[in-house]
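Chemist: Quick one: structure below, then a few questions.
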Amino acid sequence: MNRIRVGVLRGGPSREYEVSLKTGSSVLRNLSEDKYDTRDILITKDGTWHYRGLPVEPKQVFLNVDVIFNALHGEYGEDGQVQRILSHFNVPYTGSQSFQSAVCMNKACTKEGLFDIKVQTARHVILDVCNDIEKKKLEVFRTFPQPCVIKPLSGGSSVGVTAAKDHSSFDEGIRKAFEYSPRVLIEEYIAGREATCGVIENFRDRDVYSLLPIQIIPDSEQPFFDYEAKYQGKSRELCPGNFSKEENRELQRLAREIHKTLNLRHYSRSDFIISNKGIYFLEVNTLPGLTEASLITKSLGAVGSSLPEFLDHVISLALEEG
1 MNRIRVGVLR GGPSREYEVS LKTGSSVLRN LSEDKYDTRD ILITKDGTWH YRGLPVEPKQ
61 VFLNVDVIFN ALHGEYGEDG QVQRILSHFN VPYTGSQSFQ SAVCMNKACT KEGLFDIKVQ
121 TARHVILDVC NDIEKKKLEV FRTFPQPCVI KPLSGGSSVG VTAAKDHSSF DEGIRKAFEY
181 SPRVLIEEYI AGREATCGVI ENFRDRDVYS LLPIQIIPDS EQPFFDYEAK YQGKSRELCP
241 GNFSKEENRE LQRLAREIHK TLNLRHYSRS DFIISNKGIY FLEVNTLPGL TEASLITKSL
301 GAVGSSLPEF LDHVISLALE EG
């Protein structure tokens, strides 16, 4: 039997380059050698594609693969850009399509896209780069509920995110977020327990199967599940989380509804805060990390599945859809 040629796309010109390298490496290690002929496709930080160690044009890669596993994170790989290239050349690929990916990278657009399911989201305001930015910043600080969370409007892995509790940290958070995006999202701070829930399409006889919600407990020095907590071990993750049956059911229901309402594809992972006012949606990850230590991987283990089974399933979905 001819093995399926899988090109694993990793790296990319984003600030999540190193994370993508780890996800891609994990995918390459966990694909069955009996079934798959894997091809490591590296995109360097300057955007150059490499195949078998040599710089190539993307179309040369596509002549040598049957399907692409998209293991990129952040800009270019998760915001719809690479998906447009793959679709243009009619290459089957894993993960959500271009438009949906772009919507979900923009946190404000994501909230707007979920209006019909009436999921609770934090109040927010958007700040743009402008000539009178100092005046705008002061106005927002005085009129918006404090404390608050400041984020680049587009991006992932909590890069450039600050929990601000006073004017000094607010000012620093705005400056930091503008380093990553020309538009900044300022949200009210919602106190509560952090949770995340992954879903997989057409898995175990469900059109959208919900994995078990995970509870995220940041280190006492970390205000929330930020980049350091995610990738430097400064958090604990409980799977299944310490949630009531009702909270578990609602987290799973919301994760499924968010995935379907935003017309996502194959798999996703949604993040939440459980407060004394109910469950608040934070954001959805269309290409969550897939290392052995990643949240999706832990969720798979908790339901008796595994990363190799998941990868095999997602590649099958991509090939079926063409």
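Position one of the sequence shown corresponds to residue 1 (this note's numbering), numbered consecutively onward.
The C-beta atom is built at its ideal place from N, Cα and C for all residues, glycine as well.
Nearest to Pro152 by alpha carbon, out of Glu283, His313, Phe141?
Modeler: Position 152 of the sequence shown holds residue 152. If we check each option's Cα against that of Pro152, Glu283 comes out closest.
Chemist: Who are the Cβ neighbours of Lys176 in its own chain at under 8 Å, not counting the five residues just before and after it?
Modeler: Position 176 of the sequence shown, counted from the first residue, corresponds to residue 176. So the list reads Ile150, Gly160, Thr162, once near-sequence residues are dropped.
Chemist: Please report the distance separating the alpha-carbon of Leu238 from that of Gly301.
Modeler: As a first step, residue 238 must be located in the sequence shown, where it is residue number 238. As a first step, residue 301 must be located in the sequence shown, where it is residue number 301. Going from the Cα of Leu238 to the Cα of Gly301 covers about 12 Å.
Chemist: Please report the Cβ distance between Arg123 and Glu188, rounded to the nearest whole angstrom; I am assuming they are in contact, meaning their Cβ atoms lie under 8 Å.
Modeler: In the sequence shown, residue 123 corresponds to position 123, counting from 1. In the sequence shown, residue 188 corresponds to position 188, counting from 1. Yes, Arg123 and Glu188 are in contact; Cβ-Cβ is about 5 Å, under 8 Å.
Chemist: Measuring straight from C-alpha to C-alpha, what distance separates Thr291 and Arg142?
Modeler: Reading the sequence shown from its first residue, position 291 is the one you call residue 291. Reading the sequence shown from its first residue, position 142 is the one you call residue 142. Taking the straight line joining both Cα atoms gives about 42 Å.
Chemist: Would you grab the beta carbon distance between Pro240 and Pro213 for me? Rounded to a whole angstrom, and I think it's under 8 Å.
Modeler: For this step, residue 240 is matched to residue 240 along the sequence shown. For this step, residue 213 is matched to residue 213 along the sequence shown. Correct: roughly 7 Å between the Cβ atoms.
Chemist: Leaving out five residues on either side along the sequence, give the residues of the same chain with a beta carbon under 7 Å from the beta carbon of Leu317.
Modeler: Numbered from 1 along the sequence shown, position 317 holds the residue referred to as residue 317. For Leu317, where only same-chain residues beyond five positions count, the Cβ hits under 7 Å are Glu201, Asn202, His266.
Chemist: Are the beta-carbon atoms belonging to Val65 and Arg5 less than 8 Å from one another?
Modeler: Mapped onto the sequence shown, residue 65 falls at position 65. Mapped onto the sequence shown, residue 5 falls at position 5. Yes. Within cutoff.
Chemist: Buried or exposed: which applies to Gln60, given that a residue is buried once 16 or more other Cβ atoms fall within 10 Å of its Cβ?
Modeler: Against the sequence shown, residue 60 aligns to sequence position 60. It counts as exposed.
Chemist: Quick check on Ser210: does DSSP put it in helix, strand or coil?
Modeler: By 1-based counting over the sequence shown, the position of residue 210 is 210. Reduced to three states, the DSSP call for Ser210 is strand.
Chemist: Below 8 Å, can you find three or more Cβ-Cβ pairs linking the segment 255-266 to the segment 93-100?
Modeler: Touching, yes, given that three or more Cβ pairs across the two stretches are closer than 8 Å.
Chemist: Helix, strand or coil, according to DSSP, for Thr143 in the structure here?
Modeler: For the purposes of this step, residue 143 is identified with residue 143 of the sequence shown, where counting begins at 1. Thr143 falls in the helix class under three-state DSSP.
Chemist: Determine the extent of the alpha helix (DSSP H) in which His259 is found, giving its start and end residues.
Modeler: As a working note, residue 259 is residue 259 in the sequence shown. First-last of the alpha helix (DSSP H) with His259: 245-261.
Chemist: Taking contact to mean 3 or more Cβ pairs, one atom from each stretch, closer than 8 Å, check whether the segment 40-48 and the segment 101-111 are in contact.
Modeler: The segment 40-48 vs the segment 101-111: no contact.
Chemist: From the DSSP output, in three-state form, read off Tyr17 for me.
Modeler: Walking along the sequence shown from the start, residue 17 turns up at place 17. Helix, per DSSP.
Chemist: Tell me where the beta strand (DSSP E) around Val67 begins and ends.
Modeler: Locating residue 67 in the sequence shown gives position 67, where the first residue counts as 1. Where Val67 is concerned, the enclosing beta strand (DSSP E) stretches over 67-70.
Chemist: Using only the alpha-carbon positions, how far apart do Ile117 and Gly24 sit?
Modeler: Here the question's residue 117 lines up with position 117 in the sequence shown. Here the question's residue 24 lines up with position 24 in the sequence shown. Cα-Cα distance, rounded: 34 Å.
Chemist: Quick check on the DSSP output: the alpha helix (DSSP H) that includes Lys45 runs from which residue to which?
Modeler: Here residue 45 is taken as the residue at index 45 of the sequence shown, counted from 1. Where Lys45 is concerned, there is no enclosing alpha helix (DSSP H), given that its DSSP letter is neither H nor E.
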